[in-house]
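First up is the structure itself, then whatever we jot down about it.
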Amino acid sequence: MEPLAFACETLEGGQSRLAEIRSFSPSALVIAGWTGRDAAAISHHIEELAALGVPRPSRVPLYYRVAAQLLTQSPTIEVLGEDSSGEVEPVLFVCDGQCWLTVGSDHTDRKVEAYSVAVSKQLCAKPLAAAAWRWDDVAGHQDAIELRSRIYERGRWVDYQRGTLAEIRPLAELRDGFETDSVEGLVMTCGTLPAVPDESGSGVRPATQMELELRDPVLGRRIVQRYSVRTLPMVA
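Counting from -10, one number per residue, gives the positions in the sequence shown under our numbering.
This is the structure in structure tokens:
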């Protein structure tokens, strides 16, 4: 895989500074699932996916290991068939001993998910934004950070997910809960929010384009990433 690159924002003496991570080669990609802080919210998401035939988790939170090569900053991903969809997630990664926060999508094959969540997560690329914030600069007000996604549906952009990180377990707690010999190079997606139902009541659903957003109202900044989905035909 090609190394990832990020435009990184840090605070120095109360002033914002921009730096670059020109080359980051992740050593491990972990998808933390069932990470809701509220038991009722976890139950809602489990039931939402259970309606699609997805098995219930063995424990919460649950850490899925997937290939780091799935990470991409490309504006387009390719998927097989019509049964995949994305979900916005805060993403932590560790580079040169520092922890950074960005936003990404755990794009997943929902049909295969009914057979195995772990297998489904291995089948799709994982879009990632090209900007990041130093974790130490936002850790103290993480619950105020807003997480949002929109999808392009029936010719217009509509809200697909929206909430704050207060709905997800503390991110450092999730990071530290994963047992590993070294966190250097670790990338962890940290959970998501329930989907906003459409007019027919459908929640989780596919879309040809998706927009991911992480907004920090305390420091007045945001990270936005859009990607499109190219569907490949199923043949036999």
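Each residue gets a CB set at the ideal place from its N, CA and C atoms; glycine is no exception.
query = Helix, strand or coil: which one does DSSP assign to Trp23?
reply = Per DSSP, reduced to three states, the secondary structure at Trp23 is coil, with no helix or strand assignment.
query = In terms of alpha-carbon separation, which member of Ser74, Leu154, Lys100 lies closest to Leu90?
reply = Among Ser74, Leu154, Lys100, the Cα nearest to that of Leu90 belongs to Leu154.
key: Ranges of the beta strand (DSSP E) found wholly within the segment 135 to 207, counting only runs of at least 3   = The segment 135 to 207 contains these whole beta strand (DSSP E) runs: 135 to 142, 145 to 153, 175 to 178, 198 to 205.
message = Only counting the same chain, and skipping five residues up and downstream in sequence, which positions put a Cβ closer than 7 Å to that of Arg11?
response = Cβ within range, chain order: Ala(-6).
task = Run the CB neighbour count on His130, radius 10 Å, all protein chains shown included, and call it buried at 16 or more, exposed below.
result = His130 sits exposed, since fewer than 16 C-beta atoms from the chains shown fall within 10 Å of its C-beta.
key: N-terminal and C-terminal residue of the beta strand (DSSP E) that Leu7 is part of   = Element bounds for Leu7: 4 to 13.
Same chain, Cβ closer than 7 Å to Val101, five either side skipped, listed in chain order = Contacts found: Val108, Ser109, Leu112.
task = Figure out for me which residue from Val83, Phe13, Tyr216 has the closest Cα to the Cα of Tyr141.
result = Considering only alpha carbons, the answer is Tyr216.
message = For Ser94 and Gly2, what's the separation of their Cα atoms in angstroms?
response = Approximately 33 Å, taken between the alpha carbons.
query = Does DSSP classify Arg48 as helix, strand or coil?
reply = Coil, per DSSP.
inquiry  = Would you call the segment 188 to 195 in contact with the segment 70 to 84, where contact means no fewer than 3 C-beta pairs closer than 8 Å?
reply    = Flag = yes, the segment 188 to 195 and the segment 70 to 84 touch.
ask   = Between the segment 151 to 168 and the segment 177 to 192, do at least 3 Cβ pairs fall closer than 8 Å?
value = For the pair of segments examined, the segment 151 to 168 was found to touch the segment 177 to 192: the number of CB pairs separated by less than 8 Å reaches three.
task = Going by CA-CA distance only, name the one from Glu(-9), Ser5, Tyr53 that's closest to Asp126.
result = The shortest C-alpha separation from Asp126 is found at Ser5.
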